[in-house]
Amino acid sequence: DAKTTQPNSMESNEEEPVHLPCNHSTISGTDYIHWYRQLPSQGPEYVIHGLTSNVNNRMASLAIAEDRKSSTLILHRATLRDAAVYYCILGDMNRDDKIIFGKGTRLHILP
Amino acid sequence: GAVVSQHPSRVICKSGTSVKIECRSLDFQATTMFWYRQFPKQSLMLMATSNEGSKATYEQGVEKDKFLINHASLTLSTLTVTSAHPEDSSFYICSASRVHDRFGSGTRLTVV
């Protein structure tokens, strides 16, 4: 499995944008970049995914480097409810594939 | 709403007893389901892959006789923790074969 590297933790002030980085220098051509987050005492929640182009949805934006070796999850205006562990995961879109989680980034939101 | 339902959300059991956790796919058929375990402040660890109608595939180091998995239908997989001990206390999470929105809400198991 292609490996990702994320900072262990980050802090941000409430109502400010948050940029969560992910490095994936060994990404293959068919790997999508997926982001999940896990709120305290809950199962992981899908956030966003992309292949080459930047992506936006109601939760976040995903900026993908031109060489695809890194990506950034952008929360445009963080709220206290965004405090969670964010996981950057690589893989194709095969629904039967298992997801292997790294350590993720624990995001703290300061009021 | 949730498309993968996990039950119970929390359970407390006595040491030596067995506990069953259910994972249901609500509006789709899941040929494959996955079971994870998560200890406090740690990431999710994949325990096993459950395939409908066949034996589960366990990850290295996971005792198949202790963690019994049954995937008898396309919408239900169960994980039974047999002869539970306090060290089995953990957060157990299932997921089903969907591209996204695949995870249950988790089961907090406490063995006393």
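Residue numbers (our numbering), protein chains in the order written: chain A, 1 to 111; chain B, 112 to 223. We put the beta carbon where it would ideally sit given N, CA and C, even for glycine.
Using a C-beta cutoff of 8 Å, does P44(A) count as contacting chain B? yes
> Is G217(B) near G102(A), with beta carbons less than 8 Å apart?
Replying inline: no
Problem - Backbone secondary structure at P197(B) - three-state DSSP - result: helix
query: Going by the CB atoms, is the gap between K152(B) and T191(B) shorter than 8 Å?
result: no
Q. Should K98(A) be flagged as near chain B, meaning a C-beta pair shorter than 8 Å?
A. yes
Check your understanding: In three-state DSSP terms, what is R81(A)?
Key -> helix
inquiry  = Check whether chain A comes within 8 Å of R148(B), counting only Cβ atoms and requiring the distance to be less than that.
reply    = no
task: Taking 8 Å as the cut-off, decide whether the C-beta atoms of M144(B) and A207(B) are in contact.
output: yes
Taking the CB atoms as reference points, tell me whether P21(A) and Q6(A) lie closer together than 8 Å. yes
R95(A) versus chain B: which residues are under 7 Å apart at the beta carbon? S208, R209 and V210
For S53(A) and chain B, any beta-carbon pair shorter than 8 Å? no
Mind checking V85(A): buried by the 16 CB within 10 Å criterion, or exposed? buried
Nearest chain A C-beta to R219(B) closer than 8 Å, yes or no?
yes
Under the criterion of a Cβ to heavy atom distance below 7 Å, does H108(A) qualify as lining the ligand ATP? Within the structure as shown, the ligand ATP is missing, as the structure has no ligands at all.
Original post:
Is the CB-CB distance between V223(B) and D199(B) below 8 Å?
Top reply: no
Answer yes or no: do L80(A) and E14(A) have a C-beta to C-beta separation smaller than 8 Å?
yes
Query raised in the report: According to DSSP, what are the bridge partners of S136(B)?
Result: V115(B)
field: Reduced DSSP secondary structure (H/G/I, E/B, other) of K131(B)
entry: strand
- Item | Buried versus exposed, by CB contacts within 10 Å (16 or more), F123(B) | The identity of residue 123(B) in the sequence shown is Ile, whereas the question assumes Phe. Burial call: exposed.
Tell me G50(A)'s beta-bridge partners as DSSP assigns them. I33(A)
Taking C-beta to C-beta, are T189(B) and K98(A) nearer than 8 Å? no
Taking only beta-carbon positions, decide if K3(A) is within less than 8 Å of chain B.
no
Q. How is I109(A) classed by DSSP in three states: helix, strand or coil?
A. strand
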